[in-house]
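Engineer:
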Amino acid sequence: MRWIFFFITISLSISLLAQYKPYLRFTEADGLADNAVQDLVINKEGYLWIATNNGVSKYDGEKFVNFQKRNGLLGNYAWALAVDDDNNMWVGCYKEGLNLIRNDSVVASYTMEMEKYNNSIRKLHYSTKHQTLFVGTDDGLFFFKDSVFRRIDSPRTGNRKCSVLAIEEEHARLFFSVHNSGGGMYEVVKDSCKEFLYHTIQQLKYSKIGIEIIGDSIFCNEHTNIYKWRINDVHSDTSVINPSSTFLTWDMAKDDNNLLLAGWGEHDLYSGGIKKYNLNTGRLQELPYEIKGHSFMSILHDKVTNITWAGGDGLYAFPRSTFNYQEISQQSNVTDVSEIDATKYLISDNYIYKEYNSGFKEEHSIAKIEKIILEKINQIRKTKNLEEYFRIINPSYKLKFLKFIATNDKHYLMTNKGSLSFPDFKEYFPFESGKFSILKDKAYAIGDYKSIRCFLNFQDSICFADLEGVAAKIGDVVKIVEKGDTLLFPSHFHGMFALVNNQGFELNSTNGFDDIITDMDISPDGEIWSTSVDGNLFNVGFEDSLFVKSRFNNQNGLMGTKFNWLKFHKDYLYLGTNKGLNIVPVRQLSNNGERLMPFFYNKHNGYSYILSKKPQVDSKGNLYVFDDERLIYIDDPKNISIEPLIIRTDILVNGDGVASLNGASLSHSRNNIRVSFKCIKFPSTRNLKYQYRINGNEWHRGNEIRLESLKSGKYAIDIKVNNMEDGSITQESIQFKIRKAFWQRWWFYVLVILTVGFALYYFINKRINRIKRDAEERQNLNHQLNEIRIRSLQGQLNPHFIFNALNSVQYFILMENVEEALTYLGNLSGVIRQNLSNLGEEFIKLDDEVKFIGQYLELEKLRFKDRLTYQIRNNFQSEGIKIPPMLIQPFVENAIKHGLLQKDGVGKVQIEIDEKDANMLIIITDNGIGREKARENNTGHNEGNGKATNITQKRLELLNQKFKTNNFCMEITDLKDASNNPTGTKVIITLDKVLN
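Count along the sequence shown from 1, then add 149; that gives the number in my numbering.
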């Protein structure tokens, strides 16, 4: 892709052609399928489709996507295009058939299955009204519906050969043109009797080529003549437009109030090109583009982008441009251009040219100017000191034109041998460079690589004085800028200087300024602005000194890293840089440090001349710059509208395309995202900058985003498109979320915790229950074992008891006391019966135990007569209370036999059952000799007494184990009097309340 400019060289040394605008031409080198373009159409999404002799191209302003036979087309000769209501693209392939393209894929192919028709498709038109595709061929007009081609016969065409070259629909009426036999213009009418059938009405005779309907007028051409009719009456009000005898209109389009004509030129008789017919003025004019000699087969105007597209030997784009160009064909370089008294003058190496209506013509040769200067020097010789002159000018130099300057309300031609007032040549000053200024009665001049000189009374004398102090440093300046009584000097190497009443001021890099300054201008409000080679735009203040007020560069939105020139004009600052042209609204410059939004132009939108220079305004108020070959006029950017950008996204989720991602909620497995985005912008997207960021982080350049293996959570993709041409920024945000996997959600954690908790509870509880069961089993076994042990111990007491009872019986027999022996045996039998009855019981009622003890004491009382007394007192609420059997008897027996038997006097046994802290206390008290005396008297007693006591102690311990307590116990106390003499024994047995 490149901007194309054509110029014509004529016999004059330099000739200025009419102004024209830049355009673009796209070819195969840019990616176009083929340079032979046959048809153009814009689909509902804004893409431009191009039919060529080698397939179809789809263009978005950035690249071409091509569809050819290898991609599914029936053939590569694509001559016709049409878009239906569903945005499907229909492609007519000449002599091959019809293709359908949907979503950038060829999805269907159709051919005419009729022997006499050869699929020679030339034109396609989709009618929204009829919901039908009309197909123009070399064999007439067909309509395509339900995958079937049906021919529409007309009265004159019949079955004859007739080529349909144009189909146009407007105001619900459909027309088509026919070339060759049966030629003319026809209207298609739907048959009212038969569904899906049409017939035609001939409106015009003779071969016709193109058709265009604008308003209530219909245009149709017959060779080089274009006819205009009223659409409701094509047989009256006929007018003829004749572009030229060599201009054959092949296609037509409408542009606002203009009829655009594409001319066919592949024949020696026809010139080709593009013309415009103004419907308001009725005038026919050339488009402001140098494209004569080029053949065009199709033309299309896009109202949205205001771009006219034409197809011929390539694809042409004609945008509305801010620029007009005047090419200068030349034999020598143009070094300066200036307008003086509403007339433009050009300086070249050897001539000065003046603008006339017919162009620029030679006005002054360098020899003529040198002769004038010599005459001026001879006049100086008569009145002034030539030595002073020779200190300024070297007369041996070869004369060289330098530039025009304006000062003291006059223009001067600067040469290396002095300066002449121009164009009258009346004044001459020996200032040998292009930098001088006349301020009141003083003149200031700066020679190349020299310091400033001040000329006093310069009208009468050529004497000069060198300035002092800071003023003496002024040198190597770019230009001299006059601001009232102040002279400003931007310097090539030393920043800038100011001069007021010969007092100098300076500003350079030590004061936050740049040293290499490229240009300077004064804004409409009197502010000083300058540019530097380092890409800075400075606003300089001057009060008692020079200082930087503000600075702008590419960080503030300006395009470029080296600034070449600047110019204030109307409401804008024009800034030429190494990247192109910035046009900044002046109001934005008051926002110090804030981002600027300039209009920006470069080779991609019409401004290709980075090396242009010397911006100036002509007498008509037009701003222009120039380079060595042309003048470049810059229009007010207000006159150019830039369409808003629409961001289009292509989204893949795990490789599958999705229509939209915004607001989507994706499963955890759909976490590979690819987003590509772009804008359709014609004629080119090269001035768009794409950026994106994820979740508000740093911006990245590019328009393709790949996010792989995303974790669950919320995501925001911000995409931004910066249009450098107007500084506008278009942004969109895509917000979506990746859902957590079910194992990452709170309810799953709760479920897991509950499940684990339940499992732990189940197994722990099962374990506890098992332990309890085992413990219970062990406890039961222990209980059973303890019961066995208790009963075993209890069983050991019974024989002892019986043995002692039999001893008593023996005693009565030996004493021959038969009656008492019989009484004793009778009572003994009851006691033994009771004892045997209790033998199988673990516990017996307290009352039964008390009764048993009473019976036992009565037996002993029979034996001991009056020597034994006893008392049993039960203070315990004994109803239902059980105690172990044979618990009291052994201690009562010991008290009688070992305590009372050896006592002199009456023995007494007292049994008291009481309650303490809900426990049962059994207290057995005797007034015998005491344990110590008994042991002395009878060692055997110690063994028996100890055995019975040990058995009882073990029984109580087993009860503690069984009932898990320590409250089963006994305590034996020896009773003594005040003199420590034994008075008896006291046994206290405590039984836990668990027995209650």
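Every residue gets a Cβ at the ideal spot worked out from N, C-alpha and C, and that includes glycine.
1) Hey, D365 and I350: beta-carbon distance below 8 angstroms or not?
2) So, helix, strand or coil for F1001, using DSSP?
3) So, for I878: in the same chain, excluding its five sequence neighbours on each side, which residues have a beta-carbon less than 8 angstroms away from its beta-carbon?
4) On the DSSP letters alone, give me the boundaries of the beta strand (DSSP E) that R888 sits inside.
5) Can you list the alpha helix (DSSP H) stretches of 4 or more residues lying completely in the segment 1092-1140, in chain order?
6) Can you grab the Cα-Cα spacing for the pair L686 / S658, in whole Å?
7) Opposite K591 in the DSSP bridges: which residues?
8) What does the alpha-carbon distance come out to for the pair L794 and C828?
9) Is the segment 200-208 in contact with the segment 216-223, if contact means three or more CB pairs nearer than 8 angstroms?
10) Any idea which residues DSSP pairs L639 with across the strands?
11) With DSSP as the reference, label S986 as helix, strand or coil.
12) Which one of N1109, N821, I522 has the shortest CA to CA distance from K886?
13) Less than 8 angstroms separating the beta-carbons of I800 and V824?
14) Can you tell me where the alpha helix (DSSP H) holding E1085 begins and where it ends?
15) Among S254, S833, D1123, Y259, which one has its Cα closest to the Cα of G755?
16) Would you kindly report the start and end of the unbroken alpha helix (DSSP H) that includes E1042?
17) Using the C-alpha atoms, what's the distance from V1136 back to N1099?
18) Alpha carbon to alpha carbon, how far is G624 from L837? Give it in angstroms, no decimals.
19) May I have the straight-line CA-CA distance separating I1072 from N929, to the nearest angstrom?
20) For the beta strand (DSSP E) containing K863, list its first residue and its last residue.
21) For V980, I'd like the list of residues in its chain whose CB is within less than 8 angstroms of its CB, leaving aside the five on either flank, ordered along the chain.
22) Does the Cβ of D485 have 16 or more other Cβ atoms within 10 Å, making it buried, or fewer, making it exposed?
23) Using CA coordinates, which residue listed in K1103, T680, D1126 is at the minimum distance from M1119?
24) Which residue comes first and which comes last in the beta strand (DSSP E) that contains N1024?
25) Across which residues does DSSP place H328 in a beta bridge pair?
26) Would the beta-carbon of A402 fall within 8 angstroms of that of I448?
27) Excluding five sequence neighbours on each side, which residues of the same chain lie with their C-beta closer than 6 angstroms to the C-beta of N557?
28) Excluding the 5 residues preceding and the 5 following Q983 in the sequence, name in chain order all residues of the same chain whose CB lies nearer than 6 angstroms to its CB.
29) Report the three-state DSSP secondary structure of Q928 (helix, strand or coil).
30) Only counting the same chain, and skipping five residues up and downstream in sequence, which positions put a Cβ closer than 6 angstroms to that of W848?
31) Do the CB positions of V619 and D634 come within less than 8 angstroms of each other?
32) In terms of residue numbering, what span does the beta strand (DSSP E) encompassing L837 cover?
33) Which class does L353 belong to by DSSP, given the choice of helix, strand or coil?
34) Out of curiosity, what's the CA-to-CA distance linking Q737 and N688?
35) At the level of alpha carbons, what is the spacing between T1139 and Q1038?
36) DSSP puts H372 in a beta bridge; with which residues?
Structural biologist: According to the structure data:
1) no
2) helix
3) K869, V870, N871, N872
4) Looking at the DSSP string, R888 is not in any beta strand (DSSP E), and its letter there is neither H nor E.
5) none
6) 14 angstroms
7) L588, L605
8) 6 angstroms
9) yes
10) The sequence as given places Pro at residue 639; Leu does not occur at that position. The partner list for P639 (beta bridge, DSSP) reads M645.
11) helix
12) N821
13) yes
14) 1080-1086
15) S833
16) 1038-1043
17) 14 angstroms
18) 42 angstroms
19) 32 angstroms
20) 862-872
21) A954, F1001, Q1004, Y1005, L1008
22) buried
23) K1103
24) Counting along the chain, N1024 falls outside any beta strand (DSSP E), and DSSP gives it neither H nor E.
25) S312
26) yes
27) I587
28) F1001
29) helix
30) Q840, R842
31) no
32) 837-843
33) strand
34) 13 angstroms
35) 15 angstroms
36) Paired residue(s): none; H372 is not in a bridge.
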